[in-house]
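Taken in order, the sequence shown gives residues 11 to 493; the numbers are from our numbering.
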Amino acid sequence: MGVLSNLEPKDVFSYFEYLSSVPHGSGNTKQVSDLCVRFAKERGLRCRQDALNNVIIWKDASPGCEQAAPVILQGHLDMVCAKADGCPLDMAREPIRLRTDGQSVWAEGTSLGGDDGVAVAMALAVLADDSLKHPPLEAVFTVDEEVGMDGAAGLDCSDLKGRLLLNIDSEVEGVFTVCCAGGLRLDCALPAVSRPLDGERGFMLSITGLLGGHSGVEIDKGRANANHLMGRVLYMARDAVPDLRLAGLRGGQFDNVICRACEAKVAVPAADVPAFERFVEDFAAVLRTEYAAGDPDLSLKSAPCAVETALSADDTARLTELLFLLPQGVQERSLDFPGLTETSLNLGMLSLSPEGLRFTYSLRSCVDSRKELLRRRVRAAVERAGGTVSERGNYPSWQYRRDSALRALVLDAWRAVSGSEGRIHATHGGLECGLFMGKLPGLDAVSFGPDLTDIHSARERLDVASVQRVYALVREILRRLAE
């Protein structure tokens, strides 16, 4: 018996557990893709799996509904594989360990993958239900959404007939997303050479205890980014220790996650050790005060450690000055949608190797020209410091459609199912709808989903009652579209 077998709706949670039985982080989606193909074959449904591991499953309309317009049900197969400190699970090889108390679902020590496994589970439940009245269905399951929407970008949509798309990739029940930001990933590299120490003492600087979160939907919450903070710490430390040398640097696991922890190894001249230790103690108090509301458990500490080589003082100055100057977080807010973050960027991953410094940025904006401005600003700073920038995962924004018949139908269906009014929303998070708009002219789309909290982190939770209501909404929408 499955861990989620007592939860309703049974089919949805059964398929969620089915998907969770194999690892399915971004870039590791072959097994979960094959599960969807097996599902289709077992039910005699037409299916296409491409070289990227995207899957499309077709189901004919219910008897008597053949003339209804086809509907696309869409979600992504990959998840962000985040772990709590000390969790031993190898998420590339082992499935997550589901847990529930009947009210919420989570995974022990890791992220849950409710983003976006719940969409795929709902679509599979719809496809398996022969009692449901529905129009022709096209279930589209993409891959690698979390690392640049590569699956949707590479998907051949020529055999898709639907021009109505239900994207089940939002995280607040009763909120219906109708436009989103576009995005871009930047990979930055600065060469630097390590040299033997000259009598210095090694220390490990660590920033821990941050909340982190999704760089799209939680970038506006005032949470600290450990990578960005470490750049500030290292730059300020050089005031106290001008000859400080950088020996190591590592922080972050994903481009689109606000970094929770960062470590830096430094070499400190023996005579400057007391000044260095005073600086760390004093600056830790400064950061705790600054982030008392957004990140109350923030910690900055130093401890002696073994260091054999480090960058020169000049290279250290060049790299730390760049990290200090680079922007982070919200850059512009929307005037069209009050409260919406319009433009932002996130310093997701940071590392120092024998070849030099490497770091990645995730850029987002609802305005393409401002995304371009931010791209040029980062590139100019990195190149001026002697580095290079490469680009990937460039996806368009989803523009608001004022004359959406689908939006009106969805809001009316939600009112019937829940007894409450839905809220129209624009999100700073990236959604694949913008890519599908470009591939399927005339497409009308709405994005929604059940309550999910702390996605992309080990604190992720999926609300069971919310899944029940949202799945009832999906069924009601399909029933109405079949008429």
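All C-beta atoms, glycine included, are put in the ideal place defined by N, C-alpha and C.
Beta carbon of residue i nearer than 8 angstroms to that of residue j
i	j	result
Leu62	Val153	yes
Leu220	Ala199	no
Leu108	Gly241	no
Val427	Leu483	yes
Ala129	Gly439	no
Arg374	Ser361	no
Cys91	Ser114	no
Thr351	Arg255	no
Val340	Asp265	no
Thr110	Val13	yes
Glu183	Asp422	no
Gly85	Tyr405	no
Asp253	Ala323	yes
Ala274	Gly258	yes
Gly119	Ala94	yes
Val278	Val251	yes
Val6	Leu29	Not covered by the structure: residue 6. The range shown for the chain is 11 to 493.
Asp60	Leu147	no
Ser467	Gly232	no
Glu156	Asp88	yes
Ala50	Pro145	no
Gly35	Ala131	no
Gly366	Pro201	yes
Leu445	Ala163	yes
Thr398	Val227	no
Arg469	Val185	no
Leu297	Leu310	yes
Where the beta strand (DSSP E) containing residue i begins and where it ends
i	result
Ile495	The chain is shown only over 11 to 493; residue 495 falls outside these bounds and no answer can be derived.
Val484	That residue, Val484, is in no beta strand (DSSP E); its alpha helix (DSSP H) goes 474–492.
Ala149	147–152
Gly261	255–261
Glu228	Neither: Glu228 is in no beta strand (DSSP E) and is coded neither H nor E.
Cys272	272–278
Ala117	114–117
Distance between beta carbons of residue j and residue i, contact taken as under 8 angstroms
i	j	result
Ile4	Asn356	The structure shown does not extend to residue 4, since the chain is modelled only from 11 through 493, so no value can be given for it.
Ser407	Asp454	Their Cβ separation, rounded to whole angstroms, is 17 angstroms, which puts Ser407 and Asp454 out of contact at 8 angstroms.
Leu239	Val276	Rounded, the Cβ-Cβ distance is 15 angstroms, inconsistent with contact.
Phe270	Ala236	The sequence as given places Arg at residue 270; Phe does not occur at that position. Confirmed, Cβ separation roughly 6 angstroms.
Cys315	Phe213	6 angstroms
Ser457	Asn64	Contact flag wrong, Cβ pair sits at about 18 angstroms.
Leu196	Glu52	That belief does not hold up - the Cβ atoms of Leu196 and Glu52 are roughly 43 angstroms apart, past 8 angstroms.
Thr187	His435	5 angstroms
Glu342	Arg380	6 angstroms
Leu441	Leu174	That pair is no contact at about 16 angstroms.
Ala138	Val22	In fact, because the Cβ distance is near 10 angstroms, the residues do not count as touching under 8 angstroms.
Tyr371	Pro19	The Cβ separation is near 40 angstroms, so there is no contact.
Gly262	Gly358	5 angstroms
Opposing strand residues paired with residue i [DSSP bridges]
i	result
Asp454	Leu174
Glu342	Thr353
Thr370	Asp197, Met359
Leu14	In the DSSP output, where bridge partners are listed per residue, Leu14 has none listed.
Lys143	Beta-bridge pairing links Lys143 to no other residue.
Ser322	In the DSSP output, where bridge partners are listed per residue, Ser322 has none listed.
Leu220	In DSSP, Leu220 forms no bridge with anything.
Ser462	The amino acid occupying residue 462 in the given sequence is Leu; Ser does not appear at that position. Leu472, per the DSSP bridge assignment.
Thr330	DSSP, once it has assigned bridges, lists no residue as partnering Thr330.
Val185	Arg433
Lys267	As written in the sequence, residue 267 is Val, which differs from the Lys given in the question. Paired residues: His224.
Phe347	DSSP, once it has assigned bridges, lists no residue as partnering Phe347.
Cys190	Trp408, Thr437
Leu336	For Leu336, which the question treats as bridged, DSSP gives no partner whatsoever.
Ser204	Leu321
First through last residue of the alpha helix (DSSP H) which encompasses residue i
i	result
Ala236	236–250
Gly209	Where Gly209 is concerned, there is no enclosing alpha helix (DSSP H), given that its DSSP letter is neither H nor E.
Met132	124–138
Glu365	That residue, Glu365, is in no alpha helix (DSSP H); it is neither H nor E in DSSP.
Pro314	Pro314 -> not in any alpha helix (DSSP H); beta strand (DSSP E) instead, spanning 309–314.
Leu108	Counting along the chain, Leu108 falls outside any alpha helix (DSSP H), though it belongs to the beta strand (DSSP E) covering 108–110.
Ser24	20–29
Glu287	283–300
Ala162	160–164
**Request:** At 3 residues or longer, and completely inside the region 376–449: list those beta strand (DSSP E) runs for me, N to C.
**Result:** List check, beta strand (DSSP E) in window: 398–405, 433–440.
**3-residue-minimum beta strand (DSSP E) runs that sit fully inside the region 31–105, ordered along the chain** = Runs of the beta strand (DSSP E) inside the region 31–105: 56–59, 65–69, 81–86.
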